[in-house]
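Worksheet: the structure to be examined is printed underneath.
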Amino acid sequence: MKFYLTMFILISTINLFGQNSEQKIIELSEIKLCELTLSELKNQDENLKEIELIEMALCSDGFVKDARFENRKGYISKFYNGIIFQKDRDTDLISKIRLTKKFKGKLPDGNYVDLSYLTAEKILEKYPKFNTWSSRGCSDYWSLTDNSMYFYVEIDKTKESRYPIDEKFYLTKPIEGIDIVSNCYESTQNNKKH
3 MKFYLTMFIL ISTINLFGQN SEQKIIELSE IKLCELTLSE LKNQDENLKE
53 IELIEMALCS DGFVKDARFE NRKGYISKFY NGIIFQKDRD TDLISKIRLT
103 KKFKGKLPDG NYVDLSYLTA EKILEKYPKF NTWSSRGCSD YWSLTDNSMY
153 FYVEIDKTKE SRYPIDEKFY LTKPIEGIDI VSNCYESTQN NKKH
């Protein structure tokens, strides 16, 4: 009897830890911006949670807004670790994804990233065309972007001058978040033409 109990505990432990170690890699190419809806996310996860978030590309005072999505509001799901979904301002369509430090997976172009270890230097190695550091004067982040993917590095406020950027200093800094944005209005207008 003791033998069977020991075997049961051993097998249960192996199964329990085996399931945790096999976490499916999230592939963002499978998430279609401007096709996926907030309603579909709610149907997938009845515990979908609405949260407030910082818009890294915008001023912290909330005065400036981006018309492509609902600003400063997102949704998190237990099925998408490290992803915050943001819906279009006027429709139920998901038009923006924020990737947080918890994200490990593939970007829409297939490149794998682990945000907990990602630096600006690694981004510029993968995406040399992103070598344009930009920031709104009131934002707390530098961005490296191609206008659909935005990689954010926090601005060090202890540095005396923001401009010109101290690129050597910021290359070693971590990526604090990634935004992937689509303009759903443009997408729907283009689809109507075809």
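So the mapping is simple: the numbering used here equals the position in the sequence shown, first residue as 1, plus 2.
Every residue gets a Cβ at the ideal spot worked out from N, C-alpha and C, and that includes glycine.
Excluding five sequence positions before and after residue 53, the CB atoms of its chain that fall closer than 8 Å to its own CB belong to 75, 76, 77, 78, 86, given in chain order.
Contact annotation: residue 97 and residue 35 have beta-carbon atoms nearer than 8 Å. Counted as a single uninterrupted DSSP element, the alpha helix (DSSP H) harbouring residue 123 occupies residues 122-128.
The C-beta separation of residue 30 from residue 110 comes to about 5 Å, placing the pair in contact by the 8 Å criterion. With contacts defined as CB atoms closer than 8 Å, residue 39 and residue 92 fail to qualify as a contacting pair. Exclusion of the five residues before and after residue 44 leaves 50 as the residues of its chain whose Cβ lies within less than 8 Å of its Cβ.
In this structure, the straight-line span from the alpha carbon of residue 100 to that of residue 114 is close to 16 Å.
Across the set 117, 186, 174, 185, the C-alpha of 117 shows the shortest separation from the C-alpha of residue 83. In this chain, residue 75 is not harboured by any alpha helix (DSSP H); it is covered by the beta strand (DSSP E) spanning 75-78.
Counting only residues of its own chain and dropping the five nearest sequence neighbours on each side, residue 154 has a CB closer than 6 Å to the CB of 58, 143, 145, 178, 179.
Within the model, the alpha-carbon separation for residue 127 versus residue 62 is close to 30 Å. Listed in chain order, the beta strand (DSSP E) elements of length 3 or more contained wholly in the region 111-173 are 114-116, 143-147, 151-156. Secondary structure at residue 26: coil, using DSSP grouped into helix, strand and coil. Scanning its chain for C-beta atoms nearer than 8 Å, with the 5 sequence neighbours on each side dropped, one finds around residue 27 the residues 106, 107, 108, 114, in chain order.
Taking 8 Å as the upper bound for CB-CB distance, residue 132 and residue 121 are not in contact here, some 13 Å apart. Residue burial is scored here from C-beta neighbours: residue 119 has fewer than 16 other C-beta atoms within 10 angstroms and is therefore classed as exposed. Under DSSP, residue 48 forms no beta bridge with any residue. Leaving aside the five residues that flank residue 182 on each side, the residues in its chain whose CB is nearer than 6 Å to its CB run, in chain order, 99, 151. Per the coordinates, the alpha-carbon of residue 158 lies some 14 Å from the alpha-carbon of residue 135.
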